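The structure under discussion appears below in the form of structure tokens.
Protein chains: 2
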Amino acid sequence: MIQANDPARPPIQVACIQFEPKFGDVEGNVARSSELIRAAAQAGAKLIVLPELANTGYVFESSDEASALAEAVPGGRTATAWSALAVELGVHIVAGIAERSGGRLFNAALVTGPDGFIGVYRKAHLWNRENLFFVKGDVGFPVFDTGLGKIGVAICYDGWFPETFRQLALAGAEIVCVPTNWVPMPGQPEGEAAMANTLHRAAAHSNGVFIACADRVGVERGQPFEGQSLIIGTKGWTLSGPASRDRPEILTATVDLDEAGRKDLSDFNSVLSDRRTDVYG
Amino acid sequence: MIQANDPARPPIQVACIQFEPKFGDVEGNVARSSELIRAAAQAGAKLIVLPELANTGYVFESSDEASALAEAVPGGRTATAWSALAVELGVHIVAGIAERSGGRLFNAALVTGPDGFIGVYRKAHLWNRENLFFVKGDVGFPVFDTGLGKIGVAICYDGWFPETFRQLALAGAEIVCVPTNWVPMPGQPEGEAAMANTLHRAAAHSNGVFIACADRVGVERGQPFEGQSLIIGTKGWTLSGPASRDRPEILTATVDLDEAGRKDLSDFNSVLSDRRTDVYG
Chain U
1 MIQANDPARP PIQVACIQFE PKFGDVEGNV ARSSELIRAA AQAGAKLIVL PELANTGYVF
61 ESSDEASALA EAVPGGRTAT AWSALAVELG VHIVAGIAER SGGRLFNAAL VTGPDGFIGV
121 YRKAHLWNRE NLFFVKGDVG FPVFDTGLGK IGVAICYDGW FPETFRQLAL AGAEIVCVPT
181 NWVPMPGQPE GEAAMANTLH RAAAHSNGVF IACADRVGVE RGQPFEGQSL IIGTKGWTLS
241 GPASRDRPEI LTATVDLDEA GRKDLSDFNS VLSDRRTDVY G
Chain Z
1 MIQANDPARP PIQVACIQFE PKFGDVEGNV ARSSELIRAA AQAGAKLIVL PELANTGYVF
61 ESSDEASALA EAVPGGRTAT AWSALAVELG VHIVAGIAER SGGRLFNAAL VTGPDGFIGV
121 YRKAHLWNRE NLFFVKGDVG FPVFDTGLGK IGVAICYDGW FPETFRQLAL AGAEIVCVPT
181 NWVPMPGQPE GEAAMANTLH RAAAHSNGVF IACADRVGVE RGQPFEGQSL IIGTKGWTLS
241 GPASRDRPEI LTATVDLDEA GRKDLSDFNS VLSDRRTDVY G
């Protein structure tokens, strides 16, 4: 296994798959996402990110509906299918999934790789009516030390909290994968780019990490989504995207994860060590 | 005095003065900035923001040079002149100033109003060679409870740290005034908008505060500055600007500071109370 900071570690291609899951059609969503994962892998991607709740769709109307569609991670049908595909293709996949664990539901992300299941992240900050169906994440902000490098995960509204990326960067994350279902924000001027693009570019710059955001498109039960997936470099400049607002797309960028180890902005400045922890409350 | 959350509190006009201080010409910089403050006040501004180190210029070559130009705050010639102007015009001014306090130099901001001197903020995060001349700020992140509302201050590189705005928002700041001297960032693509615009829009959105950034323009001792001053609303959308990269300008926006008390993004979400302090490290 190639380790972080191994001088021989090569750049890797990252892919964000922007598509439109169909509400409630888990079988169809797994089939469609698997086709897209296969296409990305065939084009050279080694790390592939899918949107939030890519197996179920987003706009649940009741806890019963959410519970019926959610599954065990690992072990459920979607997690099993995506993990088998990662093994077959020799890629890492980070994908949004509705998780059922005992009687609790989590808005979660599966992390899986060439050797199978790696772990799960559970969304810490729940958006709007998600609070009716899901439990807040109870796993903190784990960083997964994989064969590609150190991968953090954030899901959608997690990205509204600078603390999310600080936690991950301080724990060594080199790239943060963001399965998301971005929606328009209050006061958003007509035609203005998604606020989420601004938030994640700022987070990449302020933490010296790559960020790969895979959003969904479409309108589901009246709720429009923003698209505009993007892949951001460690200085906050966009490497790929933003994708369109309304079309399925596969974004790719080739990234050297070692860049995330270089936090300097000038001869005197480094974004993590310059923090004034002595005066933060 | 009109207090925050007083239902009678009217919207106010904020002005950011983008201009080009001349290095070492304190007398000329005070005269020029005073003309611009007077023009902004005559046009209706009640809160006026000047750039960082607006009295001295930015690119010091030695501690001796910086020390010779710095002054006591309050009491020095610049602070006295700006404070007298605020009293005369009945406005609040937040202005970058080189402060000498005993043997120490601070990259500071004067806060002054219709009743005279209010306070001083000392830059917490020092950029590049500032570390050779200045001492890191020792006043934390004060919020000044003024006749207009609750004013926080950040100076330039402070804005690279999400912690700055979190501290200020949690302490009740309604508007953060940012005297700044933004410089190009590593890897900045030709013609790309200043990263600082992205950072401050993200901070306004994530904290539900207004942010008013007054940058300088020009090239000083070989160092170019970015201009692109802007005034940002509480949801992160730009109210005025960005200004040009290279011309003096006065930006204005009328803001209802009560909006900073409404942190909601949805029926279920509020940007400060949604923080997962139970899992942040």
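Protein sequences appear in the order of chains U and Z.
For the first sequence, counting from 1, position 51 maps to 51 in UniProt numbering; every step adds exactly one.
For the second sequence, counting from 1, position 147 maps to 147 in UniProt numbering; every step adds exactly one.
Glycine is no exception: its CB is placed at the ideal position from the N, C-alpha and C atoms.
All figures in this text were calculated on a predicted structure; none of them were measured in a lab.
Just mark residue i as buried or exposed, buried being the case when its beta carbon has 16 or more other beta carbons within 10 Å.
i                        : result
valine 219 of chain U    : exposed
aspartate 267 of chain Z : exposed
alanine 214 of chain U   : buried
leucine 272 of chain U   : exposed
valine 83 of chain U     : For the record, residue 83 of chain U in the displayed sequence is serine; it is not valine. Buried, because 16 or more other Cβ atoms sit within 10 Å of the Cβ of serine 83 of chain U.
aspartate 64 of chain Z  : exposed
glycine 227 of chain U   : buried
serine 33 of chain U     : buried
glycine 222 of chain U   : exposed
proline 242 of chain Z   : buried
aspartate 264 of chain U : exposed
methionine 1 of chain U  : Because the pLDDT of methionine 1 of chain U is 45, which lies under 50, any placement of that residue in the model is unreliable, and the number read from its coordinates should be weighed accordingly. Its Cβ having fewer than 16 others within 10 Å, methionine 1 of chain U is exposed.
asparagine 20 of chain U : The identity of residue 20 of chain U in the sequence shown is glutamate, whereas the question assumes asparagine. Answer is buried; the Cβ neighbour count reaches 16.
arginine 216 of chain Z  : buried
glycine 113 of chain Z   : buried
glycine 281 of chain U   : exposed
alanine 86 of chain U    : buried
aspartate 62 of chain U  : The residue asked about is misnamed: residue 62 of chain U is serine in this sequence, not aspartate. By the 10 Å Cβ count, serine 62 of chain U comes out exposed.
alanine 253 of chain Z   : buried
serine 206 of chain Z    : buried
alanine 194 of chain U   : buried
Please report how far the alpha carbon of residue i lies from the alpha carbon of residue j, in whole angstroms.
i                            : j                            : result
phenylalanine 106 of chain U : glycine 96 of chain U        : 10 Å
glycine 172 of chain Z       : glycine 76 of chain U        : 46 Å
valine 120 of chain Z        : phenylalanine 144 of chain Z : 9 Å
serine 67 of chain Z         : glycine 102 of chain Z       : 11 Å
threonine 198 of chain U     : leucine 199 of chain Z       : 8 Å
alanine 212 of chain Z       : valine 176 of chain U        : 30 Å
serine 229 of chain Z        : tryptophan 160 of chain Z    : 16 Å
phenylalanine 225 of chain U : arginine 276 of chain U      : 38 Å
alanine 196 of chain Z       : aspartate 274 of chain U     : 17 Å
glycine 191 of chain U       : aspartate 246 of chain U     : 13 Å
phenylalanine 141 of chain Z : aspartate 115 of chain Z     : 22 Å
Tell whether a beta-carbon distance below 8 Å holds between residue i and residue j.
i                        : j                            : result
alanine 72 of chain U    : arginine 100 of chain U      : yes
leucine 168 of chain U   : glutamine 18 of chain U      : no
alanine 45 of chain Z    : asparagine 29 of chain Z     : no
valine 14 of chain Z     : valine 178 of chain Z        : no
valine 49 of chain U     : valine 111 of chain U        : no
valine 139 of chain U    : arginine 166 of chain U      : no
alanine 98 of chain U    : leucine 69 of chain U        : yes
threonine 164 of chain Z : alanine 154 of chain Z       : yes
glycine 57 of chain U    : glycine 24 of chain U        : yes
proline 74 of chain U    : phenylalanine 117 of chain U : yes
leucine 239 of chain U   : isoleucine 12 of chain U     : no
glutamate 27 of chain Z  : asparagine 181 of chain Z    : no
leucine 47 of chain Z    : histidine 92 of chain Z      : yes
alanine 203 of chain U   : phenylalanine 210 of chain U : no
To which residues does DSSP link residue i through a beta bridge?
i                        : result
glycine 103 of chain U   : The partner list for glycine 103 of chain U (beta bridge, DSSP) is empty, contrary to what the question assumes.
valine 178 of chain U    : U:Cys213
valine 87 of chain Z     : Paired residue(s): none; valine 87 of chain Z is not in a bridge.
tyrosine 121 of chain U  : U:Ala109
threonine 238 of chain U : U:Ile232
glutamate 220 of chain Z : Z:Gln223
cysteine 156 of chain U  : Answer is none; cysteine 156 of chain U lacks a bridge partner.
alanine 15 of chain Z    : Z:Ile48 and Z:Thr252
lysine 150 of chain Z    : Z:Asp145
glycine 24 of chain Z    : Glycine 24 of chain Z pairs with nothing; no bridge assigned.
glycine 116 of chain Z   : Z:Gly113
Considering only C-alpha positions, which residue in the set the options is nearest to residue i?
i                         : options                                   : result
isoleucine 37 of chain U  : U:Pro248, U:Ala260, U:Arg276 and U:Arg262 : U:Pro248
aspartate 278 of chain U  : Z:Ala193, Z:Gly137, Z:Val178 and Z:His92  : Z:Gly137
valine 183 of chain Z     : Z:Glu35, Z:Arg129 and Z:Thr112            : Z:Arg129
arginine 201 of chain Z   : Z:Arg216, Z:Phe225, Z:Pro162 and Z:Gly261 : Z:Pro162
asparagine 131 of chain U : U:Phe117, U:Phe60, U:Val94 and U:Arg216   : U:Phe60
alanine 108 of chain U    : U:Ile232, U:Ala124 and U:Ala203           : U:Ala124
glycine 187 of chain U    : Z:Lys235, Z:Ala243 and Z:Ile12            : Z:Lys235
arginine 9 of chain Z     : Z:Leu148, Z:Ala196, Z:Glu174 and Z:Asn181 : Z:Leu148
glycine 208 of chain U    : U:Glu259, U:Arg216, U:Glu27 and U:Phe133  : U:Glu259
glutamate 174 of chain Z  : Z:Gly152, Z:Pro189 and Z:Glu192           : Z:Gly152
proline 189 of chain U    : Z:Gly233, Z:Leu47 and Z:Asn181            : Z:Gly233
alanine 41 of chain Z     : Z:Ala81, Z:Glu88, Z:Thr80 and Z:Gly261    : Z:Glu88
tryptophan 237 of chain Z : U:Leu170, U:Ser270, U:Cys156 and U:Met185 : U:Met185
Practice task
Identify each residue in the region 255-275 of chain U for which the Cβ-Cβ distance to at least one residue of chain A is less than 9 Å, and report them in chain order.
Solution key: Among the protein chains in the structure shown, which are U and Z, there is no chain A.
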